[in-house]
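2 protein chains.
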Amino acid sequence: MKVQSPPGMRDFYPEDMRLQNWLFDTWRRVSRSFGFEEYEGPIFEYLDLYTLKSGEGIVSELFNFKDRGQRHFAIRPEMTPTLARMVAARANTLPRPIKWFSIPRMCRAEKPQRGRLREFYQWNVDILGVEDPLADAEIIAVAVEFLRQAGLRPEDVVVKMNDRHFASELLTRLGIPPGSQEHAFDLIDRQEKLGVEEFSRQWNEAYGGQPPAEELVEFLEKELTSSTFYELVSGRVPDAVRDQFNGFWDSLKALGVADFCEFDAKVVRGLAYYTGIVFEVHARHLPLRAVLGGGRYDSLTKLLGGPRVPATGFGMGDAPVLELLRALGRLPEFGEALDVFVIDAGPEYFGAALNLVGDLRRAGLSVDFSYKRTGVSKLFKQASARGARYAIVVGAELAQRNEFTVKNLLTGRQELVAADRLRVGPRMVLEML
Amino acid sequence: MKVQSPPGMRDFYPEDMRLQNWLFDTWRRVSRSFGFEEYEGPIFEYLDLYTLKSGEGIVSELFNFKDRGQRHFAIRPEMTPTLARMVAARANTLPRPIKWFSIPRMCRAEKPQRGRLREFYQWNVDILGVEDPLADAEIIAVAVEFLRQAGLRPEDVVVKMNDRHFASELLTRLGIPPGSQEHAFDLIDRQEKLGVEEFSRQWNEAYGGQPPAEELVEFLEKELTSSTFYELVSGRVPDAVRDQFNGFWDSLKALGVADFCEFDAKVVRGLAYYTGIVFEVHARHLPLRAVLGGGRYDSLTKLLGGPRVPATGFGMGDAPVLELLRALGRLPEFGEALDVFVIDAGPEYFGAALNLVGDLRRAGLSVDFSYKRTGVSKLFKQASARGARYAIVVGAELAQRNEFTVKNLLTGRQELVAADRLRVGPRMVLEML
């Protein structure tokens with residue numbers, strides 16, 4: 001019987017894994033350059049952690065199960081609840097600010113269909129314990145630095161930013177009071193995905209045509225994408241909100257990332273827990289999903305039973321960012337990388353070849369050899385096929401003069417090297433060739 | 001409401017994660033130095049993948065669930081079935097040998113109790129497509145190289161090795177024919193865990209006292225730990241088996257790892273799919289679980305619907321190896337590592353300080369600063385608390401002479417550095433201080 005791979009889940013063969021590791025390594029390096037520290041949590045949590053935050057409606061979107069003790073768990077669909085739980089558990093002892101990142105794998109019980117993944121990875125970066133919008137600017141700066149290192153420029157991608165306070169003011173002005181806005185945020189967030197017709201239907205159903213969906217859509221499409229709206233609406237929110245947003249803009253400029261950023265009133269984020277600045281990263285000229293979404297969520301730890309801890313952060317999925325790089329033709333390419341392939345010139349030298357392999361590996365080089373005894377020219381072919389930079393031949397020269405033949409496979413240059421010299425400082429000897 | 005962390009699952013706060021990352025990085029580095037390539041699979045598989053290999057009895061040990069399409073899945077309890085499925089799916093196109101490693105997270109539905117984890121990581125290293133016991137020797141050599149790099153020596157740990165063919169010969173000699181040996185392997189594997197009394201009870205129940213459990217235990221405890229048994233039994237197995245095992249020993253010596261290895265007839269491994277050489281790594285003087293277990297499994301891909309692919313490999317759990325290092329007092333310790341902490345000498349310099357932060361991060365340094373404007377001496381304390389190697393003060397010197405004050409926090413040495421010099425080659429400037 002042949003067992004298939006589960007639908008919507010990915011197998012990473014070595015060539016896929018090299019790309020995945022490049023992405024993870026870059027995420028890690030950029031996070032650390034900003035002083036973020038890595039954390040992790042369990043692959044599943046108590047189901048309560050998600051229903052508490054998102055309501056019972058979320059259960060059908062989760063892979064959930066009970067253990068023999070009837071405890072009800074769900075595979076994590078996002079990392080923020082875990083982060084909030086971990087911070088709440090040590091809220092009194094963790095030094096502030098808390099600058100953490102993680103690269104969790106997570107699952108959502110999507111209906112299996114083309115292009116929809118049930119399992120994915122996400123780069124999560126968060127700052128907790130800081131009210132200052134400087135933290136929001138740092139969060140955006142770390143995202144932008146990754147985009148830069150991935151070869152993306154302001155012509156390719158844009159960070160679209162808004163503040164829930166502004167969005168709330170807009171809705172209030174349109175006749176939807178703050179207490180009824182949660183569903184409106186969700187609908188506006190999904191507007192493009194739904195399309196005009198379905199959006200209008202759902203909007204009018206929820207708000208009885210007050211205001212009419214058409215008016216809102218027109219507003220969102222035309223006036224709101226320009227920063228003139230920011231001028232307009234910022235005059236109507238409390239001074240503190242406006243000043244905070246302006247300070248945030250100044251910090252983005254000082255950190256050198258403002259060229260990637262734009263105000264966009266259409267960005268509101270769907271999740272209920274956002275409380276302030278929100279943002280998304282989109283491709284400028286391609287109709288792709290958002291690469292990243294995030295914002296400020298100051299009440300989540302409190303909702304999960306801890307004290308209030310101000311927080312801001314984002315999640316960037318692995319699939320959307322690789323999809324964007326692929327669409328732009330900017331995916332990096334990697335072959336297998338081996339430092340040395342050791343070749344025995346005949347079976348009588350194989351013991352000595354294995355010896356050398358062991359020595360070079362202990363010196364930290366990546367080294368391989370053939371498990372089959374075969375001719376030297378075939379072994380040179382294997383060395384090239386494996387992407388080795390050097391081939392070292394163990395043969396008669398070793399027996400006669402205690403030397404190896406070392407060949408640089410990139411330049412073709414070949415030299416006899418004293419065995420002792422190679423053993424003492426292999427890296428130096430090879431680099432000189 | 002306060003949501004707890006699920007029982008038996010671990011939260012990795014940054015200090016835990018640093019240790020975990022050291023372990024993962026070392027696993028990766030050692031794997032690559034042996035020419036292994038990384039792969040990954042999905043966190044859950046079709047339940048069939050496990051029942052096919054281990055029978056229906058395994059279901060209660062797995063976290064399993066159905067999706068809305070009534071597909072039955074289980075979170076992976078081990079990686080080998082996934083590996084075998086992936087290799088079987090591309091058996092005709094993957095270049096041989098297949099030298100792969102992975103660091104999967106996996107779950108088992110253990111009863112929650114102290115010291116028993118429901119979620120853990122495992123370093124899996126496998127060679128597929130090679131019959132030659134040279135592959136088994138390579139697999140052991142990569143494990144030993146990790147042990148060495150973790151600071152373990154032959155006095156601390158031992159690789160205990162056996163061959164299922166020898167174990168089978170022993171059982172045959174004791175009156176248990178090959179067709180009835182599977183359960184015997186499982187019992188012998190669990191002998192120490194069960195204790196003499198329970199082992200005897202189960203043994204006598206299964207085999208009706210033929211041979212009596214006492215005889216077997218005595219045999220295992222006394223004669224079988226010495227390599228004299230190897231001499232004894234190797235005379236009774238086919239020449240090919242004996243020659244293979246001797247060749248395996250020679251390869252271990254050539255690769256320079258034989259000082260870690262011993263023959264031990266008690267090691268048989270419990271899983272049904274092992275077909276040849278088997279091995280475990282144990283602490284020499286501490287009563288701990290095995291750190292690693294593995295062996296040859298030549299029939300697994302066939303069982304999963306693919307062609308027969310000879311294979312050998314091992315899995316090393318993260319918890320047992322960290323437990324061993326902890327017990328020996330050899331756990332490495334890591335603090336937070338920051339290259340530079342930038343200090344503004346007053347709020348009027350904060351914009352310039354942020355600018356410098358952005359420049360240094362883009363140059364690849366890990367850099368942080370305080371989100372709160374406060375006094376310089378407090379900021380120096382924060383710099384030290386964060387483990388920064390250098391502090392750079394942005395103050396009057398910048399305005400007056402375009403210079404920063406750079407202080408090496410390890411040596412206390414302090415210098416004025418031209419702003420342009422620092423921006424052009426920050427790493428070089430800092431290293432000279």
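Chains as they are written, first to last, in this note's numbering: chain A, 1 to 433; chain B, 1 to 433. Cβ coordinates follow ideal geometry from the N, Cα and C atoms, glycine included. Note that the structure is a prediction, hence the values are computed from the model and not measured.
*Are the C-beta of CYS390 of chain A and some C-beta of chain B separated by less than 7 Å?*
Sequence index remark: in the first sequence, residue 390 of chain A carries index 390 (1-based). Looking at the sequence itself, residue 390 of chain A is Tyr, so the reference to Cys does not match. No, TYR390 of chain A does not count as interfacial toward chain B.
*Along the chain, where does the beta strand (DSSP E) that runs through ASP368 of chain A open and close?*
The residue labelled residue 368 of chain A in the question sits at position 368 within the first sequence. Note, ASP368 of chain A: beta strand (DSSP E), 367-369.
*Report the residue from A:ALA337, A:ASP344, A:PRO95 whose alpha carbon sits nearest the alpha carbon of LEU398 of chain A.*
Position 398 of the first sequence, counted from the start, is the residue given in the question as residue 398 of chain A. Cα-wise, what sits closest to LEU398 of chain A is A:ASP344.
*asked:* Only counting the same chain, and skipping five residues up and downstream in sequence, which positions put a Cβ closer than 8 Å to that of ARG116 of chain A?
replied: Walking along the first sequence from the start, residue 116 of chain A turns up at place 116. Closer than 8 Å at the Cβ level, and outside the excluded window around ARG116 of chain A, lie GLY8, GLU110.
*Compute the distance between the beta-carbons of ALA327 of chain B and LEU286 of chain B, then report whether it is under 7 Å.*
Here the question's residue 327 of chain B lines up with position 327 in the second sequence. Here the question's residue 286 of chain B lines up with position 286 in the second sequence. One thing to note: ALA327 of chain B has its Cβ within 7 Å of the Cβ of LEU286 of chain B.
*ASP126 of chain A versus chain B: which residues are under 8 Å apart at the beta carbon?*
Taking the first sequence and counting its residues from 1, the one referred to as residue 126 of chain A is at position 126. Within 8 Å Cβ-Cβ: nothing; ASP126 of chain A doesn't reach chain B, min ~12 Å.
*Mapping DSSP to helix, strand and coil, what is GLN4 of chain B?*
As a working mapping, residue 4 of chain B is identified with position 4 in the second sequence. Correct three-state label for GLN4 of chain B: coil.
*Identify the contact partners of MET17 of chain B in chain A, using a Cβ-Cβ distance below 8 Å as the criterion.*
Taking the first residue of the second sequence as 1, we reach residue 17 of chain B at position 17. Result: GLU37, GLU38, TYR39, GLU40.
*CA-CA distance, GLU431 of chain A and TYR230 of chain B?*
Along the first sequence, one-based indexing puts residue 431 of chain A at 431. Along the second sequence, one-based indexing puts residue 230 of chain B at 230. Each residue's alpha carbon lies about 46 Å from the other.
*Taking 7 Å as the CB-CB cut-off, is LEU255 of chain B touching chain A?*
The sequence position of residue 255 of chain B within the second sequence is 255, counting from 1. Closer than 7 Å to some Cβ of chain A, the Cβ of LEU255 of chain B qualifies, so yes.
*Going along chain A, which residues have a C-beta under 9 Å from GLU119 of chain B?*
As a working note, residue 119 of chain B is residue 119 in the second sequence. Under the 9 Å cutoff, chain A gives PRO42, ILE43, PHE44.
*asked:* Helix, strand or coil for LYS302 of chain B? Go by DSSP, reduced to three states.
replied: Along the second sequence, read from residue 1 onward, the residue named residue 302 of chain B stands at position 302. Assignment of LYS302 of chain B by DSSP, reduced to helix, strand and coil, places it in the helix class.
_Against chain B: residues of the region 56-75 of chain A by CB proximity under 8 Å_ = SER60, PHE63, ASN64, PHE65, ASP67, ARG68, GLY69, ARG71, PHE73, ILE75
*How about MET86 of chain A: is its C-beta nearer than 7 Å to some C-beta of chain B?*
Along the first sequence, one-based indexing puts residue 86 of chain A at 86. Yes, MET86 of chain A lies at the interface with chain B (some Cβ there is under 7 Å from its Cβ).
*Anticipated Cβ contact below 8 Å, SER200 of chain B with GLU214 of chain B, distance rounded*: Numbered from 1 along the second sequence, position 200 holds the residue referred to as residue 200 of chain B. Numbered from 1 along the second sequence, position 214 holds the residue referred to as residue 214 of chain B. Yes, they are in contact, since the Cβ atoms of SER200 of chain B and GLU214 of chain B sit about 7 Å apart, within 8 Å.
_Between the CA atoms of ASP126 of chain B and GLY41 of chain B - distance to the nearest angstrom_ = Reading the second sequence from its first residue, position 41 is the one you call residue 41 of chain B. Reading the second sequence from its first residue, position 126 is the one you call residue 126 of chain B. The straight-line gap from Cα to Cα measures roughly 15 Å.
*Is the CB of LEU338 of chain B under 7 Å away from at least one CB in chain A?*
Within the second sequence, the letter at position 338 stands for residue 338 of chain B. Taking Cβ atoms only, chain A reaches closer than 7 Å to LEU338 of chain B, which makes this a yes.
*Establish whether the CB of VAL130 of chain B and some CB of chain A are separated by less than 7 Å.*
The residue you call residue 130 of chain B lines up with position 130 of the second sequence. So yes, VAL130 of chain B belongs to the interface.
_As a quick exercise: from B:PRO6, B:PHE12, B:GLY425, B:ASP16, pick the residue whose alpha carbon is nearest that of LEU331 of chain B._
Here the question's residue 331 of chain B lines up with position 331 in the second sequence. Here the closest residue by C-alpha is B:ASP16.
*Listed by chain order, chain A residues near VAL357 of chain B by CB distance under 8 Å*: Locating residue 357 of chain B in the second sequence gives position 357, where the first residue counts as 1. The contacting residues are LEU255.
*Tell me ASP344 of chain A's beta-bridge partners as DSSP assigns them.*
As a working mapping, residue 344 of chain A is identified with position 344 in the first sequence. Bridge partners of ASP344 of chain A: A:VAL394.
*From which residue to which residue does the beta strand (DSSP E) around VAL278 of chain A run?*
For the purposes of this step, residue 278 of chain A is taken as the residue at position 278 of the first sequence. Counting along the chain, the beta strand (DSSP E) containing VAL278 of chain A begins and ends at 277-283.
*What residues in the region 327-351 of chain B have a beta carbon less than 9 Å from any beta carbon of chain A?*
Of all residues in the region 327-351 of chain B, those with a C-beta nearer than 9 Å to a C-beta of chain A are GLU336, ALA337, LEU338, ASP339, PHE341, PHE350, GLY351, reading in chain order.
*Do you know how far the Cα of ALA311 of chain A is from the Cα of LEU52 of chain A?*
Here residue 52 of chain A is taken as the residue at index 52 of the first sequence, counted from 1. Here residue 311 of chain A is taken as the residue at index 311 of the first sequence, counted from 1. Rounded to the nearest angstrom, the two C-alpha atoms are 18 Å apart.
_Residues in the same chain with beta-carbon distance under 6 Å from PRO77 of chain B, minus the five sequence neighbours each way, listed in chain order, please._
Mapped onto the second sequence, residue 77 of chain B falls at position 77. Closer than 6 Å at the Cβ level, and outside the excluded window around PRO77 of chain B, lie LEU62, MET106, ARG108.
*Along the beta strand (DSSP E) that carries PHE263 of chain B, what are the first and last residues, could you check?*
Along the second sequence, read from residue 1 onward, the residue named residue 263 of chain B stands at position 263. Per DSSP, PHE263 of chain B belongs to the beta strand (DSSP E) from 261-263.
*Between ARG458 of chain A and PHE44 of chain A, what straight-line distance do the alpha-carbon atoms span, to the nearest angstrom?*
The structure shown has nothing for residue 458 of chain A, since chain A only spans 1 to 433.
_Quick check on the DSSP output: the alpha helix (DSSP H) that includes ARG326 of chain A runs from which residue to which?_
On the first sequence, residue 326 of chain A is found 326 positions in, with the first residue counted as 1. For ARG326 of chain A, the enclosing alpha helix (DSSP H) stretches over residues 318-327.
*From what residue to what residue does the beta strand (DSSP E) around ASP156 of chain B run?*
In the second sequence, the residue the question calls residue 156 of chain B occupies position 156. It is not in any beta strand (DSSP E) - ASP156 of chain B carries neither H nor E in the DSSP assignment.
*Beta-carbon proximity of ARG29 of chain A to PHE334 of chain A, cut-off 7 Å*: Residue numbering aside, residue 29 of chain A sits at position 29 when the first sequence is read from its first letter. Residue numbering aside, residue 334 of chain A sits at position 334 when the first sequence is read from its first letter. The Cβ-Cβ distance between ARG29 of chain A and PHE334 of chain A does not fall below 7 Å.
*Among all the DSSP beta bridges, which residues are the ones paired with SER102 of chain B?*
Position 102 of the second sequence holds residue 102 of chain B. Per DSSP, B:ASN124.
_Using the three-state DSSP reduction, which class does LYS53 of chain B fall into: helix, strand or coil?_
Here the question's residue 53 of chain B lines up with position 53 in the second sequence. In the structure shown, LYS53 of chain B sits in a helix (DSSP, three-state: H, G or I).
*For VAL357 of chain B, the three-state DSSP class (helix, strand or coil)*: Counting from one through the second sequence, the residue named residue 357 of chain B turns up at place 357. Three-state DSSP puts VAL357 of chain B in a helix.
_Straight-line Cα distance separating VAL257 of chain B from ARG308 of chain B_ = Locating residue 308 of chain B in the second sequence gives position 308, counting from the first residue. Locating residue 257 of chain B in the second sequence gives position 257, counting from the first residue. Whole-angstrom Cα-Cα distance: 30 Å.
*Does any C-beta atom of chain A lie closer than 7 Å to the C-beta of PHE12 of chain B?*
Along the second sequence, read from residue 1 onward, the residue named residue 12 of chain B stands at position 12. True, the Cβ-Cβ gap to chain A drops below 7 Å.
*Per-residue DSSP class, three states only, for ALA272 of chain A*: Position 272 of the first sequence, counted from the first residue, corresponds to residue 272 of chain A. Coil, per DSSP.
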